[in-house]
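In the working numbering, the protein residues as written are -2 to 318.
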Amino acid sequence: MQVQWLYPMQSYIIKRILGAIPVMFVVVVFVFSLLRLAPGDPAVVVAGDYAKPEDIIRIRQKLGLDKPIHEQFVIWMGQILRGDLGTSIFTGLPVAQLIKQRLEPTLSLCIFTLIISTGLAIPLGILAAWKAGTWIDRGTMVFSVLGFSLPVFWLGFLLMYFFSIQLSILPVQGYARLSEGFIPFIKHLILPSLALGMIYTALLARMTRASMLEVLKEDYIRTAFAKGVKPGLVLMRHAFKNASLPVATIIGTGFALLLGGAVVTESVFAIPGLGRLTVDAILHRDYPVIQGVILFTSSIYVFINLLVDLSYVFLDPRIRY
């Protein structure tokens, strides 16, 4: 029986992975075309302000930028199929090595933000739905509106002013790797996670509240309350379990939202992550790095969406693939 259930699941996973290939190809073509159409010349940036025209021509030939665009695309696609993301024009280091160096700060920031936001938003959304129409519900809605309204950079500077400058209990900027100790690691993540997670927390709280309100109207919930089952047990075991499908979707897609928002947060808090790497690469017109980072993050989006779809089976046993 279990094998019969696993076989369609494996078939579904293979189909989803194969279906992601054309999506990734479209992303690759779009990013490559957009960078080539944008104004500016990487050879000029590498050569410097006082370079001679012959030096710029020599650098363009060395980087392969003198070749026709379609030939550059074929060369880059060949590199990707061999697992090579290319070499940075500005630093001369392999793009894969640069991504590996910057991956830990970004993933740590996004995962810590996800933990804080989920731990805060889900209980808040459940409580707001259970106490619908009261000051708790209205307060949650005001909080969610504020979460959508406040810019991440403004909230980041506000948190730095109070907790770092006035109270001196958390570091202003920077990042401490986990290998440097757990306490410094967490201390450097608290403020950027709060700033980055504000919108995500508001979105998740609203979605949890809306899903719970639908479920709480069902007859079996009213029956459970009428039988004297404890409210906490009814809310978590019966109501939230059936309301968790859209919440799981928001958690998964929200992680992609956090990766995108990390660009601003890493710049404000001087965190050397993928966001800072992307911004620096754009400023230096470093084509291989920009293409490599976007390709890498797009792959993460596809993988997370697959995990979200698979989680539906465990949240609702009636779903089969």
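Virtual Cβ for every residue (Gly too), placed ideally from N, Cα, C. Note that the structure is a prediction, hence the values are computed from the model and not measured.
**Request:** Please classify residue 8: is it buried, with 16 or more other beta-carbons within 10 angstroms of its beta-carbon, or exposed?
**Result:** Looking up residue 8 in the sequence shown gives position 11. Exposed, because fewer than 16 other Cβ atoms sit within 10 Å of the Cβ of residue 8.
**Prompt:** Alpha carbon to alpha carbon, what distance is there between residue 107 and residue 167?
**Reply:** Along the sequence shown, read from residue 1 onward, the residue named residue 167 stands at position 170. Along the sequence shown, read from residue 1 onward, the residue named residue 107 stands at position 110. Rounded to the nearest angstrom, the two C-alpha atoms are 19 Å apart.
**Message:** For residue -2, count the other beta carbons within 10 Å of its own beta carbon; 16 or more makes it buried, fewer makes it exposed. Which is it?
**Reply:** For the purposes of this step, residue -2 is taken as residue 1 along the sequence shown, with counting starting at 1. Residue placement at residue -2 cannot be trusted, given a pLDDT of 47 that sits under 50; what the coordinates show is reported in the next sentence. Label assigned to residue -2: exposed.
**Prompt:** So residue 84 packs on residue 269, CB below 8 Å; how close in whole Å?
**Reply:** Here residue 84 refers to the residue found at position 87 when the sequence shown is read from its first residue. Here residue 269 refers to the residue found at position 272 when the sequence shown is read from its first residue. The beta-carbon distance between residue 84 and residue 269, rounded to whole angstroms, is 20 Å. This is too long to meet the 8 Å contact definition.
**Cα-Cα separation between residue 17 and residue 73, rounded to whole angstroms** = Here residue 17 corresponds to residue number 20 of the sequence shown, with the count starting at 1. Here residue 73 corresponds to residue number 76 of the sequence shown, with the count starting at 1. In a straight line, the C-alpha of residue 17 is about 19 Å away from that of residue 73.
**Item:** residue 84, enclosing alpha helix (DSSP H) - first and last residue
**Value:** In the sequence shown, counting from the first residue as 1, residue 84 sits at position 87. Annotation: residue 84 is outside any alpha helix (DSSP H) and is labelled neither H nor E by DSSP.
**Item:** DSSP bridge partner residues for residue 91 (one or two, in chain order)
**Value:** Translated into positions along the sequence shown, residue 91 becomes position 94. Here residue 91 is bridged, per DSSP, to 84.
**Message:** Spatial neighbours of residue 172 within its chain, please: C-beta separation below 7 Å, excluding the five flanking residues on both sides.
**Reply:** To locate residue 172, count along the sequence shown from 1; it is residue 175. So the qualifying residues of the chain are 102, 185, 268 and 269.
**Prompt:** Does the Cβ of residue 294 have 16 or more other Cβ atoms within 10 Å, making it buried, or fewer, making it exposed?
**Reply:** Translated into the one-based positions of the sequence shown, residue 294 becomes position 297. Label assigned to residue 294: buried.
**Item:** Reduced DSSP secondary structure (H/G/I, E/B, other) of residue 8
**Value:** For this step, residue 8 is matched to residue 11 along the sequence shown. The answer is helix: DSSP assigns residue 8 an H, G or I state.
**Message:** Do residue 261 and residue 149 have their beta-carbon atoms positioned less than 8 Å apart in this structure?
**Reply:** The residue given as residue 149 occupies position 152 in the sequence shown. The residue given as residue 261 occupies position 264 in the sequence shown. One thing to note: residue 149 has its Cβ within 8 Å of the Cβ of residue 261.
**Request:** Tell me where the alpha helix (DSSP H) around residue 163 begins and ends.
**Result:** For the purposes of this step, residue 163 is taken as residue 166 along the sequence shown, with counting starting at 1. Per DSSP, residue 163 belongs to no alpha helix (DSSP H) and is neither H nor E.
**Prompt:** Could you give the C-beta distance for residue 209 and residue 237, rounded to a whole number, given that I count them as a contact under 8 Å?
**Reply:** Reading the sequence shown from its first residue, position 212 is the one you call residue 209. Reading the sequence shown from its first residue, position 240 is the one you call residue 237. Going by Cβ atoms, the distance from residue 209 to residue 237 rounds to 7 Å, so yes, they are a contact pair.
**Asked** In this structure, does DSSP put residue 47 in helix, strand or coil?
**Response** Locating residue 47 in the sequence shown gives position 50, counting from the first residue. Residue state, collapsed to three classes: coil.
**Prompt:** Going by beta carbon distance, what residues of the same chain come within less than 7 Å of residue 301, once the five residues before and after it are set aside?
**Reply:** Position 304 of the sequence shown, counted from the start, is the residue given in the question as residue 301. Spatial neighbours of residue 301 in its own chain (CB-CB distance under 7 Å, excluding positions within 5 residues in sequence) are listed in chain order as 249, 252 and 253.
**Request:** Look up residue 177 in the DSSP assignment and say whether it is helix, strand or coil.
**Result:** Taking the sequence shown and counting its residues from 1, one reaches residue 177 at position 180. Helix.
**Item:** Through-space distance from residue 147 to residue 188, alpha-carbon basis
**Value:** Position 191 of the sequence shown holds residue 188. Position 150 of the sequence shown holds residue 147. The straight-line gap from Cα to Cα measures roughly 15 Å.
**Request:** Return the residue from the list 279, 303, 98 and 297 that minimises the CA-CA distance to residue 42.
**Result:** In the sequence shown, residue 42 corresponds to position 45, counting from 1. The residue with the shortest Cα to Cα distance from residue 42 is 279.
**Message:** Need the endpoints of the alpha helix (DSSP H) that residue 74 sits in, please.
**Reply:** Stepping through the sequence shown from its first residue, residue 74 is reached at position 77. Note, residue 74: alpha helix (DSSP H), 66 to 78.
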